[in-house]
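Top line first, the protein sequences correspond to chains W, A, D and P.
Just so we're aligned: 563 in the numbering used here is position 228 of the first sequence, and the numbers increase by one with no gaps anywhere.
Just so we're aligned: 427 in the numbering used here is position 92 of the second sequence, and the numbers increase by one with no gaps anywhere.
Just so we're aligned: 642 in the numbering used here is position 307 of the third sequence, and the numbers increase by one with no gaps anywhere.
Just so we're aligned: 358 in the numbering used here is position 23 of the fourth sequence, and the numbers increase by one with no gaps anywhere.
For each residue, glycine too, the CB sits at the ideal point set by N, CA and C.
All of these numbers come straight from a predicted model, not from anything done at the bench.
4 protein chains.
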Amino acid sequence: MSARRKIRMGMVGGGPGSMIGPIHRMAARLDGEIELVCGVFSSDMEKSRQTAEACYLDSTRTYSSYPQMIAEEAALPEGERMDFVAVVTPNHLHFPVAELALKNGFHVLSDKPATLNMEEAQRLHVVVRETGLCYGLTHTYAGYPMIKQARHMVAGGQLGAVRKVLVEYPQGWLSGADVEENSKQAQWRLDPAQAGVSSCVGDIGSHAAHLSEYVCGDVITEIYADLNSVVAGRQMDDDATVLMRFRQGARGVLVASQICAGEENTLKIRVYGDRGGLEWTHSDANTLLYKPLDKPVEVLRAGGAGLCDLAAANCRTPAGHPEGYLEAFANHYRNFAAQIRARLESREPDAVALDVPNIVDALRGMRFIEGTVKASTGDSRWYTLPLIAGIE
Amino acid sequence: MSARRKIRMGMVGGGPGSMIGPIHRMAARLDGEIELVCGVFSSDMEKSRQTAEACYLDSTRTYSSYPQMIAEEAALPEGERMDFVAVVTPNHLHFPVAELALKNGFHVLSDKPATLNMEEAQRLHVVVRETGLCYGLTHTYAGYPMIKQARHMVAGGQLGAVRKVLVEYPQGWLSGADVEENSKQAQWRLDPAQAGVSSCVGDIGSHAAHLSEYVCGDVITEIYADLNSVVAGRQMDDDATVLMRFRQGARGVLVASQICAGEENTLKIRVYGDRGGLEWTHSDANTLLYKPLDKPVEVLRAGGAGLCDLAAANCRTPAGHPEGYLEAFANHYRNFAAQIRARLESREPDAVALDVPNIVDALRGMRFIEGTVKASTGDSRWYTLPLIAGIE
Amino acid sequence: MSARRKIRMGMVGGGPGSMIGPIHRMAARLDGEIELVCGVFSSDMEKSRQTAEACYLDSTRTYSSYPQMIAEEAALPEGERMDFVAVVTPNHLHFPVAELALKNGFHVLSDKPATLNMEEAQRLHVVVRETGLCYGLTHTYAGYPMIKQARHMVAGGQLGAVRKVLVEYPQGWLSGADVEENSKQAQWRLDPAQAGVSSCVGDIGSHAAHLSEYVCGDVITEIYADLNSVVAGRQMDDDATVLMRFRQGARGVLVASQICAGEENTLKIRVYGDRGGLEWTHSDANTLLYKPLDKPVEVLRAGGAGLCDLAAANCRTPAGHPEGYLEAFANHYRNFAAQIRARLESREPDAVALDVPNIVDALRGMRFIEGTVKASTGDSRWYTLPLIAGIE
Amino acid sequence: MSARRKIRMGMVGGGPGSMIGPIHRMAARLDGEIELVCGVFSSDMEKSRQTAEACYLDSTRTYSSYPQMIAEEAALPEGERMDFVAVVTPNHLHFPVAELALKNGFHVLSDKPATLNMEEAQRLHVVVRETGLCYGLTHTYAGYPMIKQARHMVAGGQLGAVRKVLVEYPQGWLSGADVEENSKQAQWRLDPAQAGVSSCVGDIGSHAAHLSEYVCGDVITEIYADLNSVVAGRQMDDDATVLMRFRQGARGVLVASQICAGEENTLKIRVYGDRGGLEWTHSDANTLLYKPLDKPVEVLRAGGAGLCDLAAANCRTPAGHPEGYLEAFANHYRNFAAQIRARLESREPDAVALDVPNIVDALRGMRFIEGTVKASTGDSRWYTLPLIAGIE
């Protein structure tokens, strides 16, 4: 056996009926750097065992609760116990699981949003800082190589000063009035106790906001928000428009909606500076359009010519062999595993490893979600997002 | 000689250096229904003559001013004088030319926006009503057959109740700080005396607003507007975001910008109801995507199968022979000429002839432009557009 | 009246039920350089009069036959008579009309293919040479500005030595077994007496062959052809594949078919040299993709940055205002009119005026059509196209 | 430990510098059904160990040769030894490895083409038949769900009788004259000793041929082939056009080329019947266009509405979450593993498990490759592919 070994993952959530759980597991497997060694996939032990068996997981490491898992894994010898916990539950469990895992010495890779609210996020921040452990957040779309290329080009000044950001995330799957009855996915996302203060912004708007900050290398500081519950009877927003101002002066428009009937999942971002623009669309994720002012548009391609190191390091195949959602997700898993490996090997992680959304993104994301809800109620004016202690 | 004859057009504006003048003339020519018989193409008689000569126009009917043209044409026998005036000047002349023409018995087809401000628009409304003459407004994009098809499908209930409208009009041509120095087009559009209270909303946002009302068969009643002068030193907006509420309950987001570097002229509209969505993009103008909820998207095509009568009547070629901007423009000219011809023949115009933006669109357009400027200043709140006497 | 005047056109063909007649007339009108002064639109005088009236044409110049038209027009004073004849009949009349017109001093602009067979084409060549008059052929697709740009880039060596040409023209409109019964367009195209030896190659394959020669600035010298009558009962080909070798060494594949059910009219050409490739597709006619080897693809756009003079001269609107089929057609008309005008003004036509398919293209086109039929029968081997006396 | 276990894979080939080896390993990992347990990744033991270590593979099961691996694995207890061998070497080793593995009781999943020539393929056929073991061939593109949907729709008669197949596979990576010097991938593919009789047809044309047979549910019976060595100095074809006739009467055109400068890997197939057409393009792999005759095109989407069971079973994510090349590849691995698992569990594999290219595809593929070389030399006529004993 080689001294080198796979990074060991425990999972909380992702049992039968979960949409995102299998996606996390596929993403974790793809590059062969991570091994699922234990889990609690459901609060129902029978369901949890079903998932464990489907994953060919040792039944002795299928646990009945996350506190049990964390306790028992912590008790295992270093050469056996899990290295990190993947948190793939509904939102309300993200924080308690992450907190307990970190406090017991386990790194955490969590689905987004990081917590149920800003207060939890700030407590999580403290824990991450105090433990010094790795914390990652799976804002999937930042895992795409052409998004990394976009960030590189903005940072390198190829667009000049950024003036305008257009980001949109139209979905149609919550169009039907009866979708809550038939879909487990819809149920918890429309339940404030499980989802938090926002459905649409929490679920997809937060992805769009993160993407705009990531690509621009900037921070949203002020917003005007218009959140709507379009389908009658919903307690939470299923549609949102947010006007944004960024620290460095750019303006943005974010449209997220779950009631755009007939739309799938076509997140799209466009960024314009005084010297050119960029455009990326999820449905053509391997392409980045670069639009220099008064010159022909250039079509940059994943795996192709002219990519920066970070983008190239997040491609697995030559240009023309499309990579997709699972590969973007897998980039976060692989890069997060590389952070952990660097620790195991007592060295600094490289830039590729560090390029995973982290606790700072977690804080900003929760600030954004809560901010849109606040901005959208009462006076309905421009709202200055509060500074976050410790990071700003 | 047949008793039937071409409809006779006089033109004001569109001399050397004009962008839109030649487009109006090509549009007027395409279908062979209209004949340019006279004009005053520039305030400089020498320039006006250049254009007249380039149009092979009789020099005796090239005039030195629009009052002269209107007076002399009115003095010609009925069998010779022009039937209508095409107004293609900068905005500040739209109203005085249109008013004088109408008062002297000439129909008017005007470039948009109809007037410099709402007060002029209301005066124009009175004149149109009192003279009973034909008044048309060249909101080009409503001339596209697939837009007419979209309107038909919304009206027919194929989307169910409309909930959401996304309309965007990104351009990049005003990105450069020095464009005003080099472009006559930029100069007058950024000069309030010639353009009115708004550059971006007046020039392109008003097209987007009209398109959303036309497709939805609905009226914008409330707005929240964020207008910006992004390029330093400009007196007027070059970027605008407008949130909209429609009378029948739909919400909308309108993004118009002239500083999206690298963008051409890609007006795009998406409409979502509870049963499906529609999408049309100017860069692929012969296609309309119909997105029924939970069924495959259908690709409707100009000249192709499944079009309504109005759409089909505005196509000239079989599917696969792309028609473009000039054909959309020509549809308005041809249909407006058919209105005039119906009068000449003492019969009612048909639905195709009547499908030209008119004085009601003119009023709503000016209300929208002024409304965005008002809504964008001061308190920055939602703003209820005032009712327009006589049409609402 | 200015001494300058419109160029005067007479038309043969294009009466009620014609598809291409109205297109020729719209193309002739668009730029205001040409005036329809006379015509014989149908062999049935009543139908001819209908079209004349719809065109607001003087009834005294609606003729009962093309010999009559040519004779009577020739008898008119120079200041009145037509300058050229537009031939828009079914194929079998192209030659006799063109020949008689030329022999009587009229320039000719003809729909394609130029004649019914090669023997006629050679006779036409003699007449054109002997009369010295202008002869143009409306291979529409060569009228698109981005095709002109492609030709320019190949000629300028941007692709290096051309190695491979892929050209395809799939249509579906002849898929149905009963289309001949219901469509006048289908009837004559599938009747050898009217269409010539080939339907599919004659009607659309010849466009594709011309386009490949035009873009490459090269000549097809050898072919292997596989022509099929896919729908039972047809005397003529409705499907064709032709392998091609060009004089300068490139190889090509041409696919033309009228039985590709569901296809519209999507002519597409791709050219590859040792340093890069080009791609143009009719459904996105305002775009030319330039694919330099090992660099990002560039998107060249009609009306946009980086176009050669010839391409720019064939655009009417800024980038983002799509021009289409009628504008491409109109480019040929406008440029042909400019040839005639140069003669009227006793000067050499410029490069833009001369850029209209001519008698050399006519000869090569007929050689190609006949060649594919010959190559496709009997031994079915590679076939060397015979040299054409006088041009090669 | 659950009684159920992962399927155990040994790998031959895929060491440092291999393009396809890592792809096979990612594909094998994605769904968590397969475990890499042993391998010989290179003929150089040091390189082999590098790959083994990168895969966290037990060093005791990294072998120095495939005969050694097969012998030693065969000697392991049933509960430990590998279940199947993945063959990812250059072509010349496909047969000897597969043959030895099968003869020693191991199932085989091989990269394509199956063997170096037809004679080997027939010997392989005998071994597969005699051992009764599972043999799979990774024609990747048949792994895409929308290709499975296409096959289903053709089989179900939605297109009517298939008339025409257009399949193209343009690449540009062998455009440069010096690519052989710099690319290991190019070197062996252009060396007949390692690649077989054809480069272009063997490498990519065979994929296109398989795809056309798979989608149509039909067999290519006659071909006309034009193979070229475009870049000077090459012994083998780098460009090919093949006309095809299918058993049930359809005609086809296959274009494969490695010298289309600027192209990536855009395999595309279009199939036309008398009632409609289908189109699938690798660059938009999650979309299948269905073109019913005289009706609007429908856009079928991976993960979306209206898919057949087989297509749906090969999607992992909801519509709008793009899956790509690795997922298509993984479908073959997962389905092949399901075949093996059915054997382990003494039951019949289901339709999804059986949907992996097999020895019949292997035979047809080799017949096609050899056939194109034969057809392209000498007389250059249509060539009837010989019947294959035992399968036809």
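Taking 7 Å as the upper bound on Cβ-Cβ separation, chain D lies near residues D629 of the region 605-629 of chain W.
Between L635 of chain W and R610 of chain W, the gap from beta carbon to beta carbon reaches 7 Å or more. Contacts between V632 of chain D and chain P, judged by CB atoms closer than 9 Å, involve G597 in chain order. Rounded to whole angstroms, the gap between the alpha carbons of F671 of chain W and Q457 of chain W is 22 Å. Rounded to the nearest angstrom, the Cβ distance from V550 of chain A to I604 of chain A is 6 Å, consistent with a contact under 8 Å. DSSP, reduced to helix, strand and coil, places N563 of chain A within a strand of the structure shown. Looking at the backbone, the Cα of I539 of chain W and that of P448 of chain W are separated by about 10 Å.
Using a Cβ distance threshold of 7 Å, M354 of chain D and Q506 of chain D do not count as a contacting pair.
For R498 of chain W, a Cβ of chain A is located within less than 7 Å of the residue's own Cβ. Among the CB atoms of chain A, none fall inside 7 Å of the CB of K382 of chain D. Cβ-Cβ distances below 7 Å link R580 of chain A to T556, E557, R586 in the same chain, with the five nearest sequence neighbours on each side left out; the list follows chain order. Interface criterion not met: the Cβ of D644 of chain W is under 7 Å from no Cβ in chain A. The beta carbons of T473 of chain A and H667 of chain A sit closer together than 7 Å. Rounded to the nearest whole angstrom, the C-alpha separation of A421 of chain W and G356 of chain W is 9 Å. Using a Cβ-Cβ cut-off of 8 Å, A640 of chain W is close to D629, K630, P631 of chain D, given in chain order.
Secondary structure at I694 of chain D: helix, using DSSP grouped into helix, strand and coil. Residue state for Y470 of chain D is assigned as strand, using DSSP reduced to three classes. In summary, N517 of chain P is exposed, with fewer than 16 beta-carbon neighbours lying within 10 Å of its beta-carbon over all protein chains present. Among the residues facing chain P, T652 of chain W is included, as its CB has a counterpart in that chain under 7 Å away. Between D418 of chain W and A665 of chain W, the C-beta spacing is not below 7 Å.
In this structure, DSSP gives I704 of chain D a helical state, which the three-state scheme calls helix. H427 of chain P sits away from S445 of chain P, with the two beta carbons spaced by 7 Å or more.
Ranked by Cα distance from Y504 of chain W, the options W:P692, W:Q529, W:V514, W:H545 are led by W:H545. Residues of the same chain with a CB within less than 7 Å of the CB of R569 of chain D, apart from the 5 flanking positions on each side, are L525 in chain order. DSSP places S383 of chain A outside any beta strand (DSSP E); the residue lies instead in the alpha helix (DSSP H), whose first and last residues are 380-389.
For A688 of chain D, the closest alpha carbon among the candidates D:Q674, D:D644, D:S681 is that of D:Q674. Per DSSP, the unbroken beta strand (DSSP E) holding K499 of chain A starts and ends at 497-505.
The beta-bridge partner set that DSSP reports for L371 of chain A consists of A:M344. Annotated as proximal: L468 of chain P and H442 of chain P, with beta-carbon spacing under 7 Å.
In the structure shown, the three-state DSSP call for E415 of chain A is coil. Annotation for S618 of chain P: T601 place their beta carbon closer than 6 Å to its own, counting only its chain and skipping 5 residues before and after. In its chain, beyond the 5 residues on either side, E548, F581, R582, R699, E727 have a beta carbon closer than 8 Å to the beta carbon of V554 of chain P. In the structure shown, the three-state DSSP call for G356 of chain P is helix.
DSSP, read as helix, strand or coil, puts S399 of chain A in coil. One thing to note: M344 of chain W has its Cβ no nearer than 7 Å to the Cβ of V375 of chain W. Selection D:D379, D:A663, D:R364, D:R340 evaluated against G348 of chain D yields D:D379 as nearest (Cα-Cα).
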